[in-house]
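Quick note on numbering: the sequence shown equals residues -20 to -1, 1 to 108 in mature numbering (1 follows the signal peptide of the UniProt record, and there is no 0). These notes are about the structure you will find just below.
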Amino acid sequence: MKNAFLVLFFALLFTSCAVKQYTVQVPQSVDMPKKVLFLSQSGTQSSLYQTVIDLENNEMVILEFASSRLSIVYRTGVILDPKDYRGMKVEGTDAPTKSESDSKDLNEKSGSHTDGSSGLNANPTNKL
């Protein structure tokens, strides 16, 4: 009886630690590129962004994934020549976490501002 409980306990423990791989299902209404050239990947706390070139029309496209699902496809309208990017290593940068020391470093790099701002003109309400 004790062995049965141990087996059941370890079976539950192992099944709860299982890792799944998700395949993203794209809705038919989304204009998802079929053939792409991958450029870079970066992430934030809640989303993963992949920048690709749509090889059908040479347009730069940004794919946003949230909660293991494709959430938004940004078609930028920027036309790129894929030959310029083949074989190149283009790296993305993840969004940094904001801490007091990071803010001080940013102010030092951008110059001192008397109003306490960082000197960057960021508008978080704008989308791509």
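Yeah, the Cβ is synthetic: ideal placement off N, Cα and C, and Gly gets one too. In this text, all values refer to a predicted model and were calculated from it rather than measured experimentally.
Closest residue to THR45 among TYR29, GLU36, VAL16 and THR24 (Cα-Cα distance):
The residue given as residue 45 occupies position 65 in the sequence shown. Inspection of the sequence shows that residue 45 is occupied by Phe rather than by Thr. Among TYR29, GLU36, VAL16 and THR24, the Cα nearest to that of PHE45 belongs to TYR29.
Proximity to VAL10 [Cα-Cα], best of ILE52, THR56 and SER47
Translated into the one-based positions of the sequence shown, residue 10 becomes position 30. Selected option, being the one with the closest Cα: ILE52.
CA-CA distance, ASP61 and THR31?
Residue 61 sits at position 81 when you count from the first residue of the sequence shown. Residue 31 sits at position 51 when you count from the first residue of the sequence shown. C-alpha separation (whole angstroms): 14 Å.
What do you get for VAL41, buried or exposed, if any count of 16 or more other CB atoms within 10 angstroms of its CB means buried?
In the sequence shown, counting from the first residue as 1, residue 41 sits at position 61. It counts as buried.
Leaving out five residues on either side along the sequence, give the residues of the same chain with a beta carbon under 7 Å from the beta carbon of LEU35.
Numbered from 1 along the sequence shown, position 55 holds the residue referred to as residue 35. Once the five neighbours on either side are set aside, the close Cβ partners of LEU35 are LYS15, VAL16, LEU17 and PRO62.
List the endpoints of the continuous alpha helix (DSSP H) containing THR24.
Here residue 24 refers to the residue found at position 44 of the sequence shown. Where THR24 is concerned, there is no enclosing alpha helix (DSSP H), given that its DSSP letter is neither H nor E.
Note the first and the last residue of the continuous beta strand (DSSP E) segment covering SER51.
Residue 51 sits at position 71 when you count from the first residue of the sequence shown. Here the beta strand (DSSP E) through SER51 covers 49 to 59.
Where ILE33 falls, given that 16 or more other Cβ within 10 Å makes a residue buried
Reading the sequence shown from its first residue, position 53 is the one you call residue 33. That one is buried.
Rounded to whole angstroms, what's the CA-CA distance from ASN(-18) to PHE(-11)? Just pull it up for me.
Indexing the sequence shown from 1 puts residue -18 at position 3. Indexing the sequence shown from 1 puts residue -11 at position 10. Answer to the nearest angstrom: the Cα atoms are 11 Å apart.
Using a Cβ-Cβ cutoff of less than 6 Å, which residues in the same chain neighbour MET68 once the five nearest sequence positions on both sides are dropped?
For the purposes of this step, residue 68 is taken as the residue at position 88 of the sequence shown. Counting only Cβ-Cβ distances below 6 Å, and skipping sequence neighbours, we find nothing.
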